[in-house]
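Take a look at the structure set out below.
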Amino acid sequence: MRIDLWTLALQTVNVLVLVWLLARFLFRPVASVIAARREAADKLLADAETQRRQAADAAADVAHQRDGLAAEGQRILADARIAAEAERTTLLQRATDAAAQFQAEAQKAMSRDRQTMREALEREATDLALTIAARLLQRVPPRELNRAFVETLAEALATQPARAPLATANLELRSAVPLDGTAQADARTVLARVLGAPPRITFRTDPTLLAGVELTGPSVLIRNSWRADLDRIAHALHETTTNVISQPVA
Numbered sequence: 002m003r004i005d006l007w008t009l010a011l012q013t014v015n016v017l018v019l020v021w022l023l024a025r026f027l028f029r030p031v032a033s034v035i036a037a038r039r040e041a042a043d044k045l046l047a048d049a050e051t052q053r054r055q056a057a058d059a060a061a062d063v064a065h066q067r068d069g070l071a072a073e074g075q076r077i078l079a080d081a082r083i084a085a086e087a088e089r090t091t092l093l094q095r096a097t098d099a100a101a102q103f104q105a106e107a108q109k110a111m112s113r114d115r116q117t118m119r120e121a122l123e124r125e126a127t128d129l130a131l132t133i134a135a136r137l138l139q140r141v142p143p144r145e146l147n148r149a150f151v152e153t154l155a156e157a158l159a160t161q162p163a164r165a166p167l168a169t170a171n172l173e174l175r176s177a178v179p180l181d182g183t184a185q186a187d188a189r190t191v192l193a194r195v196l197g198a199p200p201r202i203t204f205r206t207d208p209t210l211l212a213g214v215e216l217t218g219p220s221v222l223i224r225n226s227w228r229a230d231l232d233r234i235a236h237a238l239h240e241t242t243t244n245v246i247s248q249p250v251a
């Protein structure tokens, strides 16, 4: 086999020309396109990374906000519980105060009722005593009745340890009905027997005594009348009624 050098040289030149043409008109544009595509791809990757970071930051922000909302919700619930407890305590205190006030008012009402009942009992007892006294007075002669009261008063006077100065003192004898001259003389005689000398007595009528007499003088007051007896009875009734009413109610 014989090799033609001219032919080989021409083919070599053709190959070199082809390579130059390919490098100039094919490889360089393709490389440019590839570089442009790579640059675009890098830009897309960079943008994607940026968007990923932004998305991650947004997700972190959302998570932070969510945690903040959860904490705020817990705080609101805690404040609500505290407010509810305070309101419950306030309402309970108001209810307790209202109950105490109601009980106090009930006690006051009961006390008023007791007072009213006691006064009514005292009035009824006084009225009954007055009725009885009036009926008894109608059956006893006034002179004998007054003399009996004077005698009883003299007995009470005899028990006074400092009665001697009364013999020279100015005394006043009050009677429920007027005493005539004889009754006044009898009263002086009875009192003189106790005092040891005729006393200086001024007689006065006091219908409020109902019956009986009362002797007044310096530092002395001897009551021997039905009014005095009624006052003692009313006082005793008052004490008894007070003790009965003051008993605790079951």
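Everything in the sequence shown is counted per my numbering, starting at 2 for the first residue and increasing by one.
Cβ coordinates follow ideal geometry from the N, Cα and C atoms, glycine included.
What you are looking at is a predicted structure, and each value in this text was computed from that prediction instead of being measured.
Check, Outcome
"Which residue wins for smallest C-alpha separation from glutamate 145, given the options Lys44, Asp181, Gln55?", "Asp181"
"Going by DSSP, which residues form a beta bridge with valine 18?", "For valine 18, which the question treats as bridged, DSSP gives no partner whatsoever."
"Entirely within the segment 201 to 232 and at least 4 residues each: give me those alpha helix (DSSP H) ranges in chain order.", "none"
"Output the distance between the C-alpha atoms of leucine 167 and alanine 212, rounded to the nearest integer angstrom.", "24 Å"
"Excluding the 5 residues preceding and the 5 following isoleucine 35 in the sequence, name in chain order all residues of the same chain whose CB lies nearer than 7 Å to its CB.", "none"
"So the beta strand (DSSP E) arginine 175 belongs to, where does it begin and stop?", "171 to 176"
"By the three-class DSSP mapping on this structure, what secondary structure does glutamine 161 have?", "coil"
"Could you tell me the alpha carbon to alpha carbon distance between aspartate 80 and arginine 53, rounded to whole angstroms?", "40 Å"
"Roughly how many whole angstroms lie between the Cα atoms of arginine 39 and arginine 25?", "21 Å"
"Is it buried or exposed for glycine 69, if we count other Cβ within 10 angstroms and need 16 for buried?", "exposed"
"Once you ignore the five residues that flank leucine 154 on each side, which residues in its own chain have a CB closer than 7 Å to its CB?", "Val214, Leu216, Ile223, Asn225"
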